[in-house]
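Please read the structure below before turning to the comments.
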Amino acid sequence: MKKYKLILFLSTALLSVACTDSFFDLEPSSSVPTDKVYKTAEDFNVAVIGCYSKLQTQVSYFTECCEYRSDNLTLSAPTAGTQDRYDIDQFADKASNGILEDAWANFNNGVYRCNLVLDRIDEANFDATLKKQYKGEALFIRALTYFNMYRLWGGIPMTNKVVTVAEALKIGRSSDQQVYDFLVGDLNQVINENMLPSSYTSADMGRVTSGAAMALLGKIYLTFHKWPAARKVL
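Numbering of the sequence shown is given in full-length UniProt numbering, commencing with residue 1 and proceeding in unit increments.
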């Protein structure tokens with residue numbers, strides 16, 4: 001009996017030692033806190049790929065929002081699960097439209113990811129050429145994202161830094177001129193500072209190039225009727 005009491009006592013003692021605060025401070029397995037990353041070249045490579053990944057769904061939303069408003073797609077009447085699409089098709093969509101809500105959240109999350117990269121990259125310590133490339137990619141993707149948002153909604157709230165939800169709610173809509181200045185400023189920085197290479201090896205095929213930056217800048221110039229400026233880059 002004494003033997004069992006001793007075992008119970010030792011087990012309790014060990015458990016009490018193990019049950020400290022640090023014992024339960026487990027790192028999440030499905031995500032990584034931002035203060036644990038954005039330090040190495042690989043950290044930033046993964047972060048920039050995360051910026052690219054948002055473009056996949058943005059293309060889907062952008063196409064859906066545009067095509068239903070064109071003559072390419074037509075919904076004659078709403079059916080189960082298509083009311084939001086029908087409203088877009090009929091130019092009767094409201095702020096509560098589920099497709100538009102999802103698109104708005106997706107686009108802004110893409111901007112947030114780019115801003116995180118841009119906010120942290122200058123303090124990181126790795127190859128300067130690679131750092132410049134990652135910064136250029138983030139600037140390009142942010143400009144592309146905001147450009148597509150502008151094409152959908154006109155003047156939009158814009159920010160070039162990481163903000164909280166409360167701070168974001170205080171940002172008003174930008175004027176056409178403010179949108180133009182923001183986009184052109186980002187892309188001119190990418191082009192003038194030679195941030196992006198003209199091509200990549202097969203392992204990095206698909207990443208944005210200096211030519212892509214010039215093409216996007218030219219399209220923005222055309223959108224804002226800046227014909228002479230567009231002629232210089234296209």
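Every residue gets a Cβ at the ideal spot worked out from N, C-alpha and C, and that includes glycine.
Burial state of residue i, where buried means 16 or more other Cβ atoms lie within 10 Å
i, result
"residue 234", "exposed"
"residue 93", "buried"
"residue 40", "exposed"
"residue 54", "buried"
"residue 110", "buried"
"residue 103", "buried"
"residue 261", "Residue coverage of the chain in this structure runs from 1 to 234, which leaves residue 261 outside it and unanswerable."
"residue 186", "buried"
"residue 246", "Nothing can be reported for residue 246, as the shown portion of the chain is limited to 1 through 234."
"residue 85", "buried"
"residue 87", "buried"
"residue 121", "buried"
Whole-angstrom distance between residue j and residue i, CA atom to CA atom
i, j, result
"residue 140", "residue 218", "13 Å"
"residue 125", "residue 137", "18 Å"
"residue 76", "residue 90", "10 Å"
"residue 209", "residue 129", "14 Å"
"residue 166", "residue 173", "16 Å"
"residue 200", "residue 62", "28 Å"
"residue 148", "residue 108", "11 Å"
"residue 135", "residue 202", "21 Å"
"residue 157", "residue 171", "6 Å"
"residue 45", "residue 60", "24 Å"
"residue 150", "residue 114", "17 Å"
"residue 52", "residue 118", "14 Å"
"residue 106", "residue 163", "16 Å"
"residue 227", "residue 79", "44 Å"
"residue 154", "residue 176", "7 Å"
"residue 183", "residue 168", "19 Å"
"residue 83", "residue 38", "42 Å"
"residue 64", "residue 81", "15 Å"
"residue 188", "residue 215", "12 Å"
"residue 57", "residue 101", "13 Å"
Helix, strand or coil at residue i according to DSSP, with G and I counted as helix
i, result
"residue 92", "coil"
"residue 204", "helix"
"residue 210", "helix"
"residue 158", "coil"
"residue 70", "coil"
"residue 193", "coil"
"residue 128", "helix"
"residue 78", "coil"
"residue 40", "coil"
"residue 60", "helix"
"residue 148", "helix"
"residue 182", "helix"
Integer Cβ distance of residue i from residue j, believed to fall under 8 Å
i, j, result
"residue 213", "residue 222", "Actually they do not touch by this definition, with Cβ atoms about 15 Å apart."
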